[in-house]
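Here the sequence shown stands for residues 37 to 498, where the numbers follow the working numbering. Note sheet for the following structure.
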Amino acid sequence: MTQRDGLSSQEPMAVSERRAALSLATLFFFRMFGLFLVLPVLALHAQQLAGATPFLIGVAMGVYGLTQALFQIPFGGFSDRYGRKPVIAVGLLIFGLGSVLCAVSGHVAGIIAGRALQGSGAISAAVMALAADLTREEQRIKVMAVIGVTIGLAFAAAFVAGPALDAVIGLHGLFWLAAGLALAGLAVLYLFVPEPAHSVFHHECESQWGQVLGILANRDLRRLNVGIGCLHFLLTASFVVLPVVLRDGLGLASPSHWHVYLPVFGLSIVLMVPAIRAAQRHGREVFLGAVALVGVSELGLALGHGSGPGVFLMLWGFFSGFNYLEASLPALVSQMAPADRRGTALGVYAMSQFLGTFAGGATGGLLSGYSGATGVFLMCAALALSWLAYARGMVLPRPLRSHVVKVGRLTAAEATALTVRLAAVAGVSEAVVVGEDGVAFLKVDRDTLDWQELRDICAARG
């Protein structure tokens, strides 16, 4: 049975779609790498910045999350009104200006202001919308996956490269590098990213303010949003104190910190492979186990951060759990979100993530000033175990795939009738038809889906 009918993602991407995926992923990598680059070293420069306190260093680390959370949905809306590329370009310029402000600031207040400005250039929603403009519905999930993987690569690369580059060019040099990456992103945007034939609103990847309250009221999605907020709270709070632990507690010079981070990231990825396989049959248990592993690792850091092997082992545990959860949480949001509100659900999820980043930096900085690294790690352990207790009530959904099918413009009555027909097809778990946009949003079980009946219904609409 052929799958070249718009109902499957089995056919390969076209050349233009591959170009869009790779160029947008590269652009996004530049921005995220520049944003993450200072996280593993900023706390080490506290004594060099005028006005610095542990609390303000924590704020400087996480404040980009606050502005990113505030501006990401508006930037998506601006891109619908003023065009994708102009809005992305403005976002990159804002990010670059924030980087320059940090680079020329010798006072912690300037670093905070610059980091806030960096986060204000929140282009993720506009980038995803442009990716959707440039790809067919059946290929869109692949392009989104490529861009999503880029974030993980940028994070890992920044934590390995940051300490090594800091030894050569210093903290302010890292910010100048981030500014240069913003300009490189602009070059990629206008030299390599294809021009879309037209731009439309994409329910599956863009947010709508009118749907936010409904998403917040969804209990299952709320558990996931709390989860990603906790996860990034733990990450940022821990790295307010961890670089100092490595330098002052273990005697490891800053340029050598990558000797810890590189093998930790590598080994954590190795551990992810059996976890992903096990999750296919025991998803809930593996998910809860990953949360527990993060919590136990934080507790181990609190009790044993004076031991080099102990710190390495606990970091391995932390990032093994972190990486699994970072990959699985957005997938669960996509599965649990209403078919026509996936974009809004992912937007609220991202807001929760960035708010967690800000709260973690500020709280970790404040607490480190009173109780040091031990108090921060103990607080993180308590939060992780509280998250574990909250997550125990979660019921994971069946593994479903999202499909967007063109059905042509319909009246309200026609859309309702088609929704009923599509929902009755074997293997279709949920169907929503948006008549004015001429598309149907489906959640399907690929193993039981009656492809032929679905194809016949869509052919009749064509």
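Glycine residues also receive a C-beta, built at the ideal position from the N, C-alpha and C atoms.
- For phenylalanine 195, the enclosing alpha helix (DSSP H) has its first and last residue at 176-227.
- Straight-line spacing of the CA atoms in lysine 442 and isoleucine 493 works out to 11 Å.
- Per DSSP, glutamate 466 lies in no alpha helix (DSSP H); the unbroken beta strand (DSSP E) holding it starts and ends at 464-470.
- Excluding sequence positions up to five before and after glutamate 489, its CB lies within less than 8 Å of the CB of Val461 and Ala462, all in the same chain and listed in chain order.
- Annotation: histidine 293 is outside any alpha helix (DSSP H) and is labelled neither H nor E by DSSP.
- The Cβ atoms of threonine 171 and glutamate 53 lie closer than 7 Å to each other.
- For alanine 61, the enclosing alpha helix (DSSP H) starts and ends at 51-72.
- In this chain, the alpha helix (DSSP H) harbouring leucine 424 covers 378-427.
- In this structure valine 475 is buried. Its beta-carbon is surrounded by 16 or more other beta-carbon atoms within 10 angstroms.
- Judged by their CB atoms, isoleucine 159 and glycine 188 are not nearer to each other than the 7 Å cut-off.
- Under DSSP, leucine 478 shares a beta bridge with His439 and Ala467.
- Per DSSP, proline 279 is one residue of the alpha helix (DSSP H) stretching across 255-280.
- With a 10 Å radius around the Cβ and a threshold of 16 neighbouring Cβ atoms, valine 204 comes out exposed.
- For valine 327 against glycine 353, the beta-carbon gap comes to about 12 Å, at or over 8 Å, which does not count as contact.
- About 7 Å separates the Cβ atoms of glutamine 108 and methionine 387, confirming a contact at the 8 Å cut-off.
- Under DSSP, the beta-bridge partners assigned to alanine 86 are His143.
- Excluding sequence positions up to five before and after glycine 342, its CB lies within less than 8 Å of the CB of Gly285 and Leu286, all in the same chain and listed in chain order.
- A contact is defined here as three or more CB-CB pairs under 8 Å, and the region 190-201 meets this definition with respect to the region 291-306.
- Excluding five sequence positions before and after leucine 288, the CB atoms of its chain that fall closer than 6 Å to its own CB belong to Leu282, given in chain order.
- Beta-carbon to beta-carbon, proline 279 and proline 76 are separated by about 6 Å, close enough to satisfy the 8 Å threshold.
- Contact annotation, serine 115 with alanine 165: C-beta distance approximately 5 Å; criterion of less than 8 Å satisfied.
- Ranked by Cα distance from valine 185, the first of Ala61, Val277, Arg176 and Leu219 is Ala61.
- In this structure, glycine 331 and alanine 427 do not form a Cβ contact; the two beta carbons are roughly 11 Å apart against a cut-off of 8 Å.
- Judged by their CB atoms, phenylalanine 69 and alanine 193 are nearer to each other than the 7 Å cut-off.
- Excluding its 5 nearest sequence neighbours in each direction, asparagine 359 has C-beta neighbours in its own chain below 7 Å: Ser304, Ile305 and Met308, listed in chain order.
- A contact between stretches requires three or more CB pairs, one per stretch, nearer than 8 Å, and the region 88-104 fails this requirement with the region 206-223.
- Counted as a single uninterrupted DSSP element, the stretch harbouring aspartate 486 is not any alpha helix (DSSP H), since DSSP gives it neither H nor E.
- The beta carbons of alanine 398 and valine 95 sit about 5 Å from each other, so the pair counts as a contact at 8 Å.
- Here glutamine 371 is buried, its C-beta having at least 16 other C-beta atoms within 10 Å.
- Excluding residues up to 5 positions away in sequence, Leu365, Leu368 and Val369 lie with their Cβ nearer than 6 Å to the Cβ of leucine 260 in the same chain.
- For tryptophan 423, the number of other beta carbons within 10 angstroms of its own is at least 16, and it is reported as buried.
- Where methionine 372 is concerned, the enclosing alpha helix (DSSP H) starts and stops at 344-372.
- Leaving aside the five residues that flank alanine 453 on each side, none in its chain has a CB nearer than 8 Å to its CB.
- For the pair alanine 152 and alanine 57, the Cα-to-Cα distance works out to about 28 Å.
- Put simply, the backbone Cα of arginine 255 is about 15 Å away from that of leucine 382.
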